[in-house]
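Its first residue numbered 511, the sequence shown is counted upward by one per residue in our numbering.
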Amino acid sequence: MIRCFKTTDLAAVLHIWLDTNVKTHSFIPAEYWTDHYDLVKQMLPQAEVYVYEQDKQITGFVGLMEHEIAGIFVTDTFQSKGVGKQLLDYAKERKQSLTLHVYQKNRRAVQFYLREQFHIQSEETDSSTGEREYVMKWN
């Protein structure tokens, strides 16, 4: 089931955020993510966040800022089981268009978004990591 984020979800959501980023972005030092943990902890409650909950356990979430997907994160044991797609479809139902930034080296995510009718709008370098990323859009 997908539902709105509650403040009591913060610890579980942060755990998923950190664990998924470290595992998915092996090309970025893990310290980058741990150094940004407190900032994300402050910003998450300000975003529009929806969590995927199964058997009273949060297994994924999507964070939105206006029409931008800040991220879709799914625990590794639930990846490739439709959770990310359900979260994305949920966001699409609420927005007329969506944009996002995705690292080019995160090929699995790039392919996921292309499959879900996102189109590459531009390429740029993430100033905080130095990594190349795509700006993608769906409408």
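From the three backbone atoms N, C-alpha and C, an ideal C-beta is built for every residue, glycine too.
Residues near residue i in its chain [Cβ-Cβ closer than 6 Å; skip 5 each side]
{"i": "Tyr-613", "result": "Glu-641, Glu-643"}
{"i": "Met-511", "result": "Glu-563"}
{"i": "Gly-581", "result": "Gly-573"}
{"i": "Ile-579", "result": "Leu-608, Leu-610"}
First and last residue of the uninterrupted beta strand (DSSP E) at residue i
{"i": "Thr-569", "result": "567 to 575"}
{"i": "Gln-631", "result": "629 to 635"}
{"i": "Thr-609", "result": "608 to 613"}
{"i": "Glu-578", "result": "578 to 584"}
Identified DSSP bridge partners for residue i
{"i": "Glu-603", "result": "In the DSSP output, where bridge partners are listed per residue, Glu-603 has none listed."}
{"i": "Gln-564", "result": "Gln-567"}
{"i": "Lys-647", "result": "Thr-609, His-629"}
{"i": "Val-593", "result": "According to DSSP, Val-593 bridges with nothing at all."}
{"i": "Glu-558", "result": "Leu-574"}
Rounded distance between the beta-carbons of residue j and residue i, thought under 8 Å
{"i": "Trp-648", "j": "Phe-583", "result": "About 18 Å; that fails the 8 Å criterion."}
{"i": "Leu-574", "j": "Ala-601", "result": "6 Å"}
{"i": "Val-645", "j": "Gln-631", "result": "5 Å"}
{"i": "Leu-554", "j": "Leu-520", "result": "7 Å"}
{"i": "Thr-534", "j": "Asn-616", "result": "6 Å"}
{"i": "Arg-513", "j": "Val-561", "result": "6 Å"}
Contacting residues, own chain, Cβ-Cβ under 7 Å from residue i (five flanking each side not counted)
{"i": "Phe-588", "result": "Thr-569, Gly-570"}
{"i": "His-577", "result": "Lys-605, Ser-607, Leu-608, Thr-609"}
Span of the alpha helix (DSSP H) around residue i
{"i": "Thr-534", "result": "520 to 534"}
{"i": "Thr-544", "result": "540 to 545"}
{"i": "Leu-554", "result": "From DSSP, Leu-554 is part of no alpha helix (DSSP H); its letter is neither H nor E."}
{"i": "Phe-622", "result": "617 to 625"}
Contact set for residue i: own chain, Cβ-Cβ below 8 Å, skip 5 residues either direction
{"i": "Thr-530", "result": "Phe-583, Val-584, Thr-585, Asp-586"}
{"i": "His-629", "result": "Met-646, Lys-647, Trp-648"}
{"i": "Ala-540", "result": "Val-532"}
{"i": "Glu-633", "result": "Gln-614, Arg-642, Glu-643, Tyr-644, Val-645"}
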